[in-house]
Amino acid sequence: RPYACTPGTYCLAGTGSNEVIEGEVSHAQFCAKGFFCEAASVSAKGSGPCPPGFICEKGTANPRPTPKGFFAEHSGTIEATACLPGFYAPTIENKDCYPCPP
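Just so you know, we're using my numbering here: the sequence shown kicks off at 181 and counts up by one.
Printed below as a string of structure tokens:
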């Protein structure tokens, strides 16, 4: 049975430590970029892809909402994209940007 790893990491069967040592399968590993891992995840894709409006860097436990002025249109986003000039994202968790009013 896999060791119960901490959020943001995963443990394969036979893992003996929740300390992360990258590349050592006997230790916990960080969750993959674009995915998030809740506690006790058993694969690099953990709890699934990061939802639209959120970003998930390597080792993410909880998807992080995009800040104002940025967006994440697709699931699995690693880094938020800034709105182009003439567009805005008024809140957090933006899936796209809106045209500025005239």
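Glycine residues also receive a C-beta, built at the ideal position from the N, C-alpha and C atoms.
Check	Outcome
Contacts around Gly249, its chain only, beta-carbon distance under 8 Å, and the 5 residues preceding and following it disregarded	Ala262, Cys263, Tyr268 and Ala269
Where the beta strand (DSSP E) through Ala241 begins and ends	Careful: Ala241 lies outside any beta strand (DSSP E) and carries neither H nor E.
Coil, strand or helix - Asn274 by DSSP	coil
Same chain only: Cβ atoms within 7 Å of Pro231, ignoring 5 sequence neighbours per side	Pro243 and Ser255
Environment of Gly188 [buried if 16+ CB atoms lie within 10 Å]	buried
For Ser255, the residue or residues it bridges with in DSSP	DSSP output for Ser255 lists no bridge partner at all.
C-alpha gap between Ser175 and Pro282, whole angstroms	An answer regarding residue 175 cannot be provided, because it is not within the stretch 181 to 282 covered by the chain.
Inter-residue spacing [alpha-carbon to alpha-carbon] between Lys238 and Cys277	25 Å
For Gly194 and Ala219, the rounded distance between their alpha carbons	17 Å
Burial state of Ser197, where buried means 16 or more other Cβ atoms lie within 10 Å	exposed
Where the beta strand (DSSP E) containing Ala269 begins and where it ends	Premise fails: Ala269 is in no beta strand (DSSP E) and is neither H nor E.
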